[in-house]
Amino acid sequence: MGSGVIGTACSHFLTELGYEVTILDRADFGSQCSSGNCGNICPSHMAPLAEPGAVRHAVLSWLHGETAVFIKPRLDLSLLTWLYQFARHCTKRSMLDACRANQALLNQSRHLYEELITRFDLACEWHTGGNLHVFLKQKTLATHDRKHALLAKEFLLSGQRLEADELTEFEPALRSDLAGGWYYPSDAHLRPDRLLQSWRDSLNDRGATIVEHLEVTGLATRGSTATHLITRNGDVAADHFVFTTGALTPNLSDQLGCRLPIQPGKGYSLTMRRPELCPALPVHFVDHNVVATPMDSALRIGSIMEFSGYDDRLNPDRLRALKSGARQYLQKLEEDPTEAPWCGWRPMTPNGLPRIGPCPIANNVYVAAGHNMLGMSMAPATGQLIAQMIDRRPLTLDPRPYAING
Ligand SMILES: Cc1cc2nc3c(=O)[nH]c(=O)nc-3n(C[C@H](O)[C@H](O)[C@H](O)COP(=O)(O)OP(=O)(O)OC[C@H]3O[C@@H](n4cnc5c(N)ncnc54)[C@H](O)[C@@H]3O)c2cc1C
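Going from the sequence shown to our numbering is simple: count from 1 and add 68.
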């Protein structure tokens, strides 16, 4: 259930093990959070949002009108519980635990992408060569220096510090008045919608069945085994069931036998024509929390974290903020997008870790959801893990950090 990048990756690895896979989605294949995102495949982004000082920083930024995180004020018990759990995870220990578990999924996925893209000829505008973080203010750069030093010590993260005067030589598309930057050579990028389209074609060729516009509303069980899904078009029987339903997973709590702590974190993107002077690498504009990804066919800018529930309206202020943020770092940016402005719900968990594994409802039901801001980067390793669990094979990664009761 769910044809985003996570469901597609699970289907891929199950097909590879000889399973006959059917993918159901309530919408068009791959059209939700996995389509208009920034497409960075970034092992360097192992740190979760929940880090020491994150709550204080968010409140101060909000008071100064500088925040890229918005919470729509409302009485929503699930959001309040999520925020409370998030605040509890803002400790050094919790952050390092999340980094360790994220890094395992990120590194394995980065390695699997290379193999997958070549072997299955996935046309997705794949580029290796790294990723750049750039800073307007000395203060934010200094905070990042300290964070990098910690991650380099604990997790051997490799990166190169760039001084202000080295930046424009390194990336001529940047303005000359920035404070400095960090270059992360092991990261890569791709165009997410093209990846999903090409992966879909490859799955079709290998016999997978794809059913769109069919919402799963229930799951029938006999004893401790699930037997079929319930949809408005009738029942769908299977031997194993995998829920890869992203930010909508909490709506299926009865089917899973548990409620996962996932909130929709709405993000926005604009896909523009490549400017004459286009960055060669994805660039993260850290003070404004905006990312610009150069694709063969476009320049995509994206970001914003809006906790406004399951609201899929495009707020024009946020779209303006994306453009004005990017303009403070780039020499050139086209005025209008070439494609419709986009928003999607990131599946956000309080500790920054996805939930991957068996569910309490029955012995043949699994979930893989809650990949936060890193679903593109973590999909292959997630799919491989689910396929190995179902096929009772030795697991490539230790699954305990992603247990659904975590
Ligand atoms: C602005 C932005 C930029 C981002 N940039 C990056 C990036 O650079 N790198 C990165 O790694 N990640 C990035 N992300 C995060 C990434 O997009 C998500 O983590 C990822 O797409 C989540 O994938 P998913 O398959 O879990 O969810 P989705 O893609 O949302 O897929 C879930 C699917 O389940 C279906 N579904 C739900 N309920 C049901 C039901 N009951 N019945 C049938 N179908 C159902 C939905 O229709 C949907 O198609 C970004 C996100 C945003 C918003």
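Glycine is no exception: its CB is placed at the ideal position from the N, C-alpha and C atoms.
Just so you know, these numbers come straight off a predicted model, no measurement behind them.
Is the beta carbon of Leu316 within less than 7 Å of some heavy atom of ligand 1? Taking the first residue of the sequence shown as 1, we reach residue 316 at position 248. At least one heavy atom of ligand 1 sits closer than 7 Å to the Cβ of Leu316.
If you draw a straight line from the alpha carbon of Val304 to that of Arg156, how long is it in whole angstroms? Translated into positions along the sequence shown, residue 304 becomes position 236. Translated into positions along the sequence shown, residue 156 becomes position 88. It is roughly 41 Å from the alpha-carbon of Val304 to the alpha-carbon of Arg156.
Cβ-based neighbour list, Ala136, same chain, cut-off 7 Å, excluding 5 preceding and 5 following: Reading the sequence shown from its first residue, position 68 is the one you call residue 136. So the list reads His356, Asn357, Ser371, Ile372, Met373, once near-sequence residues are dropped.
The beta strand (DSSP E) enclosing Leu52, as first and last residue numbers: Residue 52 lies beyond the residue range present for the chain, which begins at 69 and ends at 474; the question has no answer from this structure.
Go through its chain and collect everything with a Cβ distance to Cys167's Cβ below 8 Å, but skip five positions before and after it. Taking the first residue of the sequence shown as position 1, residue 167 is located at position 99. Counting only Cβ-Cβ distances below 8 Å, and skipping sequence neighbours, we find Met114, Ala115, Pro116, Leu219, Glu222, Phe223.
Using only the alpha-carbon positions, how far apart do Leu225 and Gly121 sit? To locate residue 225, count along the sequence shown from 1; it is residue 157. To locate residue 121, count along the sequence shown from 1; it is residue 53. C-alpha separation (whole angstroms): 22 Å.
Just how far apart, CA to CA, sit Gln176 and Leu209? Counting from one through the sequence shown, the residue named residue 176 turns up at place 108. Counting from one through the sequence shown, the residue named residue 209 turns up at place 141. Gln176 and Leu209 have their C-alpha atoms roughly 29 Å apart.
According to DSSP, what are the bridge partners of Cys411? Taking the first residue of the sequence shown as position 1, residue 411 is located at position 343. Answer by DSSP bridge pairing, in chain order: Tyr336.
In this structure, what does DSSP give as the bridge partners for Phe375? Taking the first residue of the sequence shown as 1, we reach residue 375 at position 307. The partner list for Phe375 (beta bridge, DSSP) reads Ile139.
Given a threshold of 16 other Cβ atoms within 10 Å of its Cβ, counted over all protein chains shown, does Pro405 qualify as buried or as exposed? On the sequence shown, position 337 is the one that residue 405 refers to. By the Cβ-count criterion, Pro405 is buried, with 16 or more other Cβ atoms from all chains shown falling within 10 Å of its own Cβ.
Please confirm whether any heavy atom of ligand 1 lies closer than 7 Å to the CB of Tyr336. Within the sequence shown, residue 336 is the residue found at index 268, counting from 1. Because some heavy atom of ligand 1 lies under 7 Å away, the Cβ of Tyr336 counts as near it: yes.
Tell me whether Gly302 is buried or exposed, calling it buried when 16 or more other Cβ atoms sit within 10 Å of its Cβ. Position 234 of the sequence shown, counted from the start, is the residue given in the question as residue 302. Flag for Gly302 reads exposed.
Cβ atoms of Ser337 and Lys140: under 8 Å apart, would you say? What you label residue 140 is simply residue 72 of the sequence shown in a count that begins at 1. What you label residue 337 is simply residue 269 of the sequence shown in a count that begins at 1. Contact: no.
Please find out if some non-hydrogen atom of ligand 1 comes closer than 7 Å to the beta-carbon of Glu283. Start at 1 with the first residue of the sequence shown, and residue 283 comes out as number 215. Within the cutoff, so yes.
Report the rounded CA-to-CA distance for Tyr434 versus Ile424, giving the unit in angstroms. The residue given as residue 434 occupies position 366 in the sequence shown. The residue given as residue 424 occupies position 356 in the sequence shown. Taking the straight line joining both Cα atoms gives about 7 Å.
According to DSSP, simplified to helix, strand and coil, what is Val433? Reading the sequence shown from its first residue, position 365 is the one you call residue 433. In this structure, Val433 counts as strand in the three-state DSSP scheme.
Would you kindly check if the distance between the Cβ of Ile298 and the Cβ of Leu282 is under 8 Å? As a working note, residue 282 is residue 214 in the sequence shown. As a working note, residue 298 is residue 230 in the sequence shown. Remark: C-beta atoms of Leu282 and Ile298 do not approach each other more closely than 8 Å.
How about Leu242 and Ala232: are their beta carbons less than 8 Å apart? Translated into the one-based positions of the sequence shown, residue 242 becomes position 174. Translated into the one-based positions of the sequence shown, residue 232 becomes position 164. The criterion of a C-beta distance shorter than 8 Å is not satisfied by Leu242 and Ala232.
Assess contact between the region 89 to 102 and the region 458 to 472, defined as three or more Cβ pairs (one per stretch) separated by less than 8 Å. Is contact present? Too few Cβ pairs lie closer than 8 Å, so no.
Can you look up Asn419 in the DSSP assignment and give me helix, strand or coil? For the purposes of this step, residue 419 is taken as residue 351 along the sequence shown, with counting starting at 1. Here Asn419 sits in coil by DSSP.
Using a 10 Å radius around the Cβ and a threshold of 16 neighbouring Cβ atoms, would you call His132 buried or exposed? In the sequence shown, the residue the question calls residue 132 occupies position 64. Under this definition His132 is an exposed residue.
Could you tell me whether any non-hydrogen atom of ligand 1 is closer than 7 Å to the CB of His216? Stepping through the sequence shown from its first residue, residue 216 is reached at position 148. No, ligand 1 has no heavy atom inside 7 Å of this Cβ.
Among all the DSSP beta bridges, which residues are the ones paired with Ile298? Here residue 298 refers to the residue found at position 230 when the sequence shown is read from its first residue. DSSP, once it has assigned bridges, lists Gly286, Asp303 as partnering Ile298.
Residue range of the alpha helix (DSSP H) that includes Ile472: As a first step, residue 472 must be located in the sequence shown, where it is residue number 404. No alpha helix (DSSP H) holds Ile472; DSSP gives it neither H nor E.
With a threshold of 7 Å (Cβ to nearest heavy atom), would Asp303 be considered close to ligand 1? For the purposes of this step, residue 303 is taken as residue 235 along the sequence shown, with counting starting at 1. No.
Can Gly248 and Leu264 be called in contact, C-beta distance under 8 Å? Taking the first residue of the sequence shown as 1, we reach residue 248 at position 180. Taking the first residue of the sequence shown as 1, we reach residue 264 at position 196. No.
Among Arg94, Phe309, Ala118, Cys78, which residue has its Cα nearest to the Cα of Glu280? Taking the first residue of the sequence shown as 1, we reach residue 280 at position 212. When each option's Cα is compared against that of Glu280, the closest is Arg94.
Per DSSP, what are the beta-bridge partners of Gln228 in this structure? The residue you call residue 228 lines up with position 160 of the sequence shown. Beta bridge pairing from DSSP links Gln228 with Tyr251.
Whole-number beta carbon distance between Met441 and Leu173, since they are thought to touch under 8 Å: Reading the sequence shown from its first residue, position 105 is the one you call residue 173. Reading the sequence shown from its first residue, position 373 is the one you call residue 441. Wrong, their Cβ atoms sit about 13 Å apart, outside the cutoff.
Alpha carbon of Ser146 to alpha carbon of Pro329, nearest angstrom: The sequence position of residue 146 within the sequence shown is 78, counting from 1. The sequence position of residue 329 within the sequence shown is 261, counting from 1. Taking the straight line joining both Cα atoms gives about 8 Å.
Would you decide whether Asn431 is buried or exposed? Buried here means 16 or more other CB atoms lie within 10 Å of its CB. Along the sequence shown, read from residue 1 onward, the residue named residue 431 stands at position 363. Classified as exposed, Asn431 has fewer than 16 neighbouring CB atoms from the shown chains inside 10 Å of its CB.
Can you check whether the CB of Ala77 is closer than 8 Å to the CB of Thr450? As a position in the sequence shown, residue 450 is number 382, starting the count at 1. As a position in the sequence shown, residue 77 is number 9, starting the count at 1. A distance below 8 Å separates the beta carbons of Thr450 and Ala77.
Please classify Met363: does DSSP put it in a helix, a strand, or coil? Residue mapping note: residue 363 aligns to position 295 of the sequence shown, counting from 1. Three-state result, Met363: strand.
What are the start and end residues of the alpha helix (DSSP H) that includes Thr83? Mapped onto the sequence shown, residue 83 falls at position 15. Per DSSP, Thr83 is one residue of the alpha helix (DSSP H) stretching across 73 to 84.
Just the C-alpha distance for Arg381 and Trp130, rounded to the nearest angstrom, thanks. Within the sequence shown, the letter at position 313 stands for residue 381. Within the sequence shown, the letter at position 62 stands for residue 130. Answer to the nearest angstrom: the Cα atoms are 22 Å apart.
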